[in-house]
Amino acid sequence: MYHKFELSSLIRTLFAFPRVPSYTYKPLYGPPDAIRLILLQPAPFLSSPITCRLIETSWLAESTTTPSPSKPQSKSQSQTQPPKGYTALSYTWGTTPSPSPSPSSNSDLKPITIDGRPFHITPNLHTALTHLRSTSPRKELRVWADSLCIDQSSISERNLHVSHMRSIYSFANQTVIFLGSSTPGSDALLTAI
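This note's numbering puts the first residue of the sequence shown at 1, with every later residue one more than the last.
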């Protein structure tokens, strides 16, 4: 005779869908200034799931060369150029996620899809990406957000990117500072300012 718990466990096992492994970061292989950008996919509704891809880019990879005016026959000098237009997103993290966020490690995390794989982010980042995506519902957006574009489980990568922060924000086409969803009090405060 099966107990209720054993039977429900057996049913879940028999009819369970295969689990797709969570997104795993690949190391940055480019030059020392390599960064990741989120390609935030458009969605028809505000409530649509967040899907994105992560790409690697760098200022050196997208640099231009110009001849040296003092030595026309010499090698070209490289000028640093920012990656193609992107938005730098600044937001409050809220509860700090575990290094590889999964639903079992923190029930407050929200699901998204990165490169076809599940991943979990803080509610604040989820809300920020949802609002940012709503500004351009038919167009893919290039976004830099620290907790997604930096492998948070890699201390060496986190440390390296601290030195890039000034460039990341200064080269962005725009920087969005997301303080959270509006409330009656926040609307009154912004009106007063």
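Where is the CB? At the ideal position from N, CA and C, for every residue including glycine.
Taking the Cα positions, S136 is about 13 Å away from Y86.
Residue state for P184 is assigned as helix, using DSSP reduced to three classes.
Annotation: the continuous alpha helix (DSSP H) that includes F171 extends over 165 to 171.
Minimum Cα-Cα distance from V20 among the listed residues I38, L39, A88, P111 corresponds to P111. Comparing C-alpha distances from P44 to each of P184, S134, A172 shows the shortest one belongs to S134. In this structure, L54 is the residue among Y23, P49, L54 with its C-alpha nearest to the C-alpha of I38. Residue pairing by DSSP puts T87 in a beta bridge opposite V143, Q174. Nearest to S58 by alpha-carbon distance, out of P42, S48, S47, R36, is R36. Contact between H161 and I150 holds, since their C-beta atoms are separated by about 5 Å, short of 8 Å. Between P118 and Y25, the C-beta spacing is not below 8 Å. The way I'd put it, the segment 170 to 187 does touch the segment 118 to 132; three or more beta-carbon pairs between them come closer than 8 Å. Nearest to S47 by alpha-carbon distance, out of Y29, Y91, R142, L132, is L132. Residue pairing for K110: DSSP places it in a beta bridge opposite I121. Distances from the alpha-carbon of T113 to those of L189, T51, P123 put T51 closest. Between L141 and I121, the C-beta gap is not smaller than 8 Å, which leaves the two residues out of contact.
Looking from the CA of P123, the closest CA among T183, I155, G94 belongs to G94.
With respect to the 8 Å criterion, W144 and A188 are not classified as neighbours on the basis of their beta carbons. Looking from the CA of Q41, the closest CA among P27, L109, R138 belongs to R138. Between G185 and T92 the beta-carbon gap is near 16 Å, outside 8 Å, which marks them as no contact.
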